[in-house]
Amino acid sequence: MDQPTNHTIEDQFQARIDAEERIEPKDWMPEAYRKTLIRQISQHAHSEIVGMLPEGNWITRAPSLRRKVALLAKVQDEAGHGLYLYSAAETLGAERDELLEELITGKAKYSSIFNYPTLTWADIGAIGWLVDGAAIMNQVPLCRCSYGPYARAMVRVCKEESFHQRQGYEIMLTLARGTATQKQMAQDALNRWWWPSLMMFGPNDADSKHTAQSMAWKIKRFTNDELRQRFVDITVPQAEFLGLTVPDPSLRLNEETGHYEFGEINWDEFWQVVKGEGPCNRQRLKARRKAHEEGAWVRDAALAYAEKRRKRKEAAAAKTQVA
Ligand code: BYC
Numbered sequence: 105m106d107q108p109t110n111h112t113i114e115d116q117f118q119a120r121i122d123a124e125e126r127i128e129p130k131d132w133m134p135e136a137y138r139k140t141l142i143r144q145i146s147q148h149a150h151s152e153i154v155g156m157l158p159e160g161n162w163i164t165r166a167p168s169l170r171r172k173v174a175l176l177a178k179v180q181d182e183a184g185h186g187l188y189l190y191s192a193a194e195t196l197g198a199e200r201d202e203l204l205e206e207l208i209t210g211k212a213k214y215s216s217i218f219n220y221p222t223l224t225w226a227d228i229g230a231i232g233w234l235v236d237g238a239a240i241m242n243q244v245p246l247c248r249c250s251y252g253p254y255a256r257a258m259v260r261v262c263k264e265e266s267f268h269q270r271q272g273y274e275i276m277l278t279l280a281r282g283t284a285t286q287k288q289m290a291q292d293a294l295n296r297w298w299w300p301s302l303m304m305f306g307p308n309d310a311d312s313k314h315t316a317q318s319m320a321w322k323i324k325r326f327t328n329d330e331l332r333q334r335f336v337d338i339t340v341p342q343a344e345f346l347g348l349t350v351p352d353p354s355l356r357l358n359e360e361t362g363h364y365e366f367g368e369i370n371w372d373e374f375w376q377v378v379k380g381e382g383p384c385n386r387q388r389l390k391a392r393r394k395a396h397e398e399g400a401w402v403r404d405a406a407l408a409y410a411e412k413r414r415k416r417k418e419a420a421a422a423k424t425q426v427a
């Protein structure tokens with residue numbers, strides 16, 4: 105029988121995708137599909153890990169025990185998300201050590217949003233409300249991603265993100281209904297986090313080099329602009345409910361389309377941040393490098409323990425054979 109050509113294999117792969125079949129780690133896949141997934145999943149994992157830093161900054165200063173417990177739980181959840189995602193990337197043949205090396209040397213990308221500072225307690229509310237809100241908008245469709253391990257990881261991640269979003273909105277609501285100073289703090293946080301949150305969805309579709317192929321492979325189910333629009337449509341009424349003003353003079357509801365029209369994003373700022381020149385990029389990488397170095401003994405101890413267990417198992421197996 106003739107061997108199927110590469111072209112045929114690719115066609116069969118695309119046919120599986122088109123039929124909404126899940127691709128699993130041992131299935132054949134085009135090298136570019138594997139690479140795209142490793143890129144996106146590892147960037148996503150790095151974002152979760154770096155994303156712990158701006159919020160971690162407020163754990164010791166949370167205004168009450170209840171707030172502190174919720175924030176601690178949220179930051180821990182994010183560490184967990186990073187771990188599922190690194191594991192998902194490993195199912196594609198990526199080495200975790202190499203991924204981490206790329207992060208701490210500044211070679212890898214992670215979400216632009218985490219390069220902005222958290223100046224007041226209201227920023228913790230704004231992050232939960234806006235950043236986790238944007239993350240949910242982007243990640244719910246990833247639960248239907250064509251690659252099985254990524255899609256399954258996203259189910260739990262999204263459940264946890266929705267708790268994060270609610271805790272953020274509740275902080276904003278408390279501040280917005282508080283004293284004039286508290287309300288001003290909430291407004292100031294919204295002013296600083298609004299535009300960076302819109303940037304999280306990535307460049308406009310016309311400038312997004314990966315979207316078309318990722319949509320064809322059903323890694324992405326919606327384009328960057330589609331998700332950004334949905335986010336604006338859902339979030340603006342939430343800001344109105346809080347009695348806060350979205351910092352965009354061009355924002356208006358188009359009665360005909362039912363969608364909000366919004367102003368131009370500052371793409372120069374976005375690319376500066378992505379290239380490592382944002383307000384906190386250096387600080388974030390420095391903190392990750394320090395954590396990596398200080399955690400070396402834990403990794404060494406885990407490896408030594410695994411080696412000990414392996415030897416013990418081997419010795420036990422050898423004993424059974426002799427008996
Ligand atoms: N920041 O062709 P495009 C979270 C890069 S939420 C930095 O549109 P794609 C969390 C992009 O990587 C945040 N870089 O790419 C929430 C590409 O560069 P490379 C993480 C960005 O992949 C709360 C280039 O620009 N979420 O973790 O089709 C608390 C061209 O872009 C950004 C995810 O990672 C950005 N904002 O679409 C804690 C979700 N946007 O790789 C944690 C999964 C774009 O060619 N990822 N770039 O050098 C995705 O859905 C997609 O990867 C994106 C970008 C929508 C982000």
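The numbers in the sequence shown follow the working numbering, run straight up by one, and end at 427. Yeah, the Cβ is synthetic: ideal placement off N, Cα and C, and Gly gets one too.
Environment of residue i [buried if 16+ CB atoms lie within 10 Å]
i: Asp272; result: Per the sequence shown, residue 272 should be read as Gly rather than Asp. With 16 or more other Cβ atoms within 10 Å, it is buried.
i: Phe345; result: exposed
i: Ala174; result: buried
i: Gln425; result: exposed
i: Tyr409; result: exposed
i: Asn242; result: buried
i: Thr285; result: exposed
i: Pro167; result: exposed
i: Gln333; result: buried
i: Trp401; result: exposed
i: Trp371; result: exposed
i: Leu223; result: exposed
i: Arg171; result: buried
Any non-hydrogen atom of the ligand BYC closer than 8 Å to residue i Cβ
i: Thr209; result: no
i: Leu187; result: no
i: Lys313; result: yes
i: Ser191; result: no
i: Asn385; result: no
i: Asn328; result: yes
i: Gly229; result: no
i: Ile275; result: no
i: Pro307; result: yes
i: Ile217; result: yes
i: Val378; result: yes
i: Ala239; result: yes
i: Val340; result: no
i: Tyr214; result: yes
i: Phe267; result: no
i: Met289; result: no
i: Leu176; result: no
i: Gln147; result: yes
i: Val259; result: no
i: Val235; result: yes
i: Asn242; result: yes
i: Lys324; result: yes
i: Ile144; result: Correcting the residue type first, residue 144 is Gln in the shown sequence and not Ile. Answer for Gln144: yes, Cβ within range of the ligand BYC.
i: Met303; result: yes
i: Leu246; result: yes
Which residues DSSP lists as bridging residue i, in chain order
i: Leu357; result: Tyr364
i: Ile127; result: Tyr251
Residue i vs residue j beta-carbon contact at 9 Å
i: Asp337; j: Gly362; result: yes
i: His314; j: Thr112; result: no
i: Ser301; j: Ile228; result: no
i: Glu152; j: Glu182; result: yes
i: Leu348; j: Gln291; result: yes
i: His197; j: Ile142; result: Note that residue 197 is Gly in the sequence shown here, rather than His. It is a contact, given that the beta carbons lie within the stated cut-off.
i: Ala226; j: Met303; result: no
i: Phe88; j: Gly237; result: Look at the range of the chain in this structure, 105 to 427, and you will see that residue 88 is not part of it.
i: Asn295; j: Ile369; result: no
i: Trp82; j: Leu234; result: The structure shown does not extend to residue 82, since the chain spans only 105 to 427, so no value can be given for it.
i: Phe326; j: Pro245; result: yes
i: Ile208; j: Leu389; result: yes
i: Gln118; j: Ala320; result: yes
i: Tyr220; j: His150; result: no
i: Tyr188; j: Val261; result: yes
* Asked: Of all the alpha helix (DSSP H) runs that stay within the bounds of the stretch 189 to 276, which reach a length of 4 or more residues?
  -> 200 to 208, 226 to 230 and 236 to 243
* To do: Could you tell me which uninterrupted alpha helix (DSSP H) segments, each at least 4 residues in length, are contained entirely in the stretch 338 to 422, listed from first to last along the chain?
  => 371 to 376 and 385 to 398
* To do: Entirely within the stretch 162 to 188 and at least 3 residues each: give me those beta strand (DSSP E) ranges in chain order.
  => none
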